[in-house]
Structures are given as structure tokens and as C-alpha cells.
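Have a look at the structure below, then the notes.
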Amino acid sequence: MAQIVTIINFKGGVGKTVTSIELATSLARHFGRKTLLIDLDPQASASFYVMEQDHWKMWKNLRGTSANLFEKRDRSFPIHNAIVPDVLQGKAPVIGFDILPSDPNLIDVDLSLADFFGYTILQHYLDELQNDYDYIICDCPPNFNPVTKNSLWASDAYLIPTVPDFLSTYGIGLLQRAVKKLFPAANQQQRFNGPTLVGIVLTRIKQTNLSSTYSDKVIKDYPNQVFTRTISDSVKVAEAADNRLPISAISKPREKEAELQEQFKELAGEFIQRMQNLHLYQ
1 MAQIVTIINF KGGVGKTVTS IELATSLARH FGRKTLLIDL DPQASASFYV MEQDHWKMWK
61 NLRGTSANLF EKRDRSFPIH NAIVPDVLQG KAPVIGFDIL PSDPNLIDVD LSLADFFGYT
121 ILQHYLDELQ NDYDYIICDC PPNFNPVTKN SLWASDAYLI PTVPDFLSTY GIGLLQRAVK
181 KLFPAANQQQ RFNGPTLVGI VLTRIKQTNL SSTYSDKVIK DYPNQVFTRT ISDSVKVAEA
241 ADNRLPISAI SKPREKEAEL QEQFKELAGE FIQRMQNLHL YQ
């Protein structure tokens, strides 16, 4: 049965999409976990991280994107048809990493659907995929719109990437409270307490006193919730996006790429352990 995880932060620029992409890639490549990444951000950054624009445009027109999930009241969109299987095949030795791409039409999601279905639209579709994957990772926009709420409603857990600075870390508690506030009424009807925080990932770490100070503060404020493995700030990440090839997928990484690849591999290993520790299905 697939474990579903929302990756979210209210603030942009915290490495959310990079974390989503590299985690999914490393889970598939280094741990043999069949993983689906669902891009729910209208900017489609995760989609363009691994797909050429022409490929994305063709797929959008012929097969569809995550935006189509929210278009029909009968919830009849064929989600399997829109998933790009083994999206990195032909470019890298990665099997088992699929993606459901996004598109800007997600901005225009019919808000009345939330009134009609609550926030169970995505959950309905993901129920169809439960036996197809080990992990389903949802990359959300930096806001709390109906699409993000749908993702949280469908998820077993959520993960917060954050940069160790004031603005990025300030919103962690706000986000946790927003998640808890989303579910009280639902708890009574559905007996669902909402997704569990699997952890906080410190990203874009720099060798500065400021970065160290805020990293220590997050660890102190959220004991046992911060991943041991942090991710360094590096221009190599931007280069990977330009090349449409995640760091974790590079077959012969150079020195700096190898360091980052090992960091993401360790992050994925810790993620697996933390998810197991949640005892979701016991």
C-alpha cells in the first residue's frame, strides 16, 4: 500500500521542489522504491525539472495533467493515463520514478468543487493508485489553497523543507497549526486526524554563522522533528534543473555532485526510516 506524503512550506524558495524531485529520484534509484511524484504547483517547476518543454506540452495536450483531476464533478478523469512512467528513462539509470505533471491551469481550479466534495477529490484518485507505488509524493504550491488542502487530506504524512533563516523558519509553527485546524470537523465524521509530520528538512545550508544559528534554533524548537541529514546550498542544484536531470540521477557525478547525491541518498534513507516509525498501518 502506498504511503502518501505532502511536501509543503508556505514560503517559496526553501528547496521544496528540489527536495521533492531528489527524494523521489533517490527513493527509486538507491532504494528500489516505486515512487510517484505529483506536481500540484501551477508553476510546474517539478515537471520542468525532469521534462523538456516540448515533451511536457505534448503530454499535457494528449494525456493531461494534475489540473484535470479537479475539472470534472463526476471525478472520471483517467489518472493512470496522465502519469509519465519512468520519466528519467533514457537519460539516467533510474527505474521506478513516475511523475504526474502539472500545468498553469491549476490556478483556475473551480473553488466550488471544494464545496461540493470537501477536500477529497485527490484522495478519490489516489485510492486507485494504492497498489501501484511504495510512495506517492505531492509537491504543493507555497500556499494553503484548495489544491494544497486536497493533498493534505489525501496524505498520511507531510514534510516541511525550510531554509535556516528567520522568514523561512517562522512559518513552521504557523503551518503546523493550519494543518491541525483543517481537520477538526472532519475528525468527527471521517475519523481522520490529518497527516502526521514526518519531519523538517533543513535545506540550502551555508557555512555561515547565520545559517548555523537558525539551524540550531529549529532543532531546539522542534526536537526530534528535524532530519539529521541536511542539504547544502550549491549552484549544482540549479545546473541540474537546467539539464533536466536531478543530482540523484547522475550516473557519474563529479566531486560536488557526488557530495550532494550522497546527501540526498542519506535523506531518502532517513525518510524511509521515519515513515516506518510512524506505524501508519498498524
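Its first residue numbered 1, the sequence shown is counted upward by one per residue in full-length UniProt numbering. Just so it is clear, CB atoms sit at the ideal spot from N, CA and C, and this is done for glycine as well.
Cα-Cα separation, residue i to residue j
i: L260; j: S248; result: 8 angstroms
i: E255; j: E266; result: 17 angstroms
i: L159; j: T6; result: 6 angstroms
i: A240; j: P253; result: 11 angstroms
i: L27; j: I4; result: 14 angstroms
i: H80; j: T208; result: 46 angstroms
i: S215; j: N61; result: 44 angstroms
i: Q273; j: L23; result: 13 angstroms
i: N105; j: W56; result: 14 angstroms
i: D39; j: D86; result: 15 angstroms
For residue i, three-class secondary structure by DSSP
i: I250; result: coil
i: A24; result: helix
i: V18; result: helix
i: P161; result: strand
i: F70; result: helix
i: residue 289; result: No statement about residue 289 is possible, as the shown extent of the chain runs from 1 to 282 and does not include it.
i: V84; result: strand
i: F97; result: strand
i: S211; result: helix
i: L174; result: helix
i: Q276; result: helix
Contact test: residue i Cβ vs the ligand MG heavy atom, cutoff 7 angstroms
i: A238; result: Ligands displayed in this structure: none; no statement on the ligand MG is therefore possible.
CB of residue i within 8 angstroms of CB of residue j, strictly
i: D54; j: S102; result: no
i: G199; j: V226; result: yes
i: G194; j: F183; result: yes
i: W59; j: V94; result: no
i: Y25; j: P161; result: It should be noted that the sequence gives Thr, not Tyr, for residue 25. Against a cut-off of 8 angstroms, the Cβ pair of P161 and T25 comes out as no contact.
i: E52; j: R177; result: no
Buried or exposed by the 16-neighbour rule on C-beta atoms within 10 Å, applied to residue i
i: D108; result: exposed
i: S76; result: exposed
i: residue 285; result: Limits of the chain in this structure are 1 at one end and 282 at the other, which puts residue 285 out of reach.
i: T228; result: exposed
Residue i at chain C interface by Cβ criterion, 8 angstroms
i: K72; result: Looking for chain C here will not work: only one protein chain is present.
- [ ] Assess, as a yes-or-no matter, whether the stretch 16-34 is touched by the stretch 129-138 under the definition of 3 or more beta carbon pairs within less than 8 angstroms.
- [x] Output reads yes: the stretch 16-34 touches the stretch 129-138.
- [ ] Take every Cβ of the stretch 199-216, pair it with every Cβ of the stretch 1-17, and state whether three or more of those distances are shorter than 8 angstroms.
- [x] Because the criterion of three Cβ pairs below 8 angstroms is met, the stretch 199-216 and the stretch 1-17 touch.
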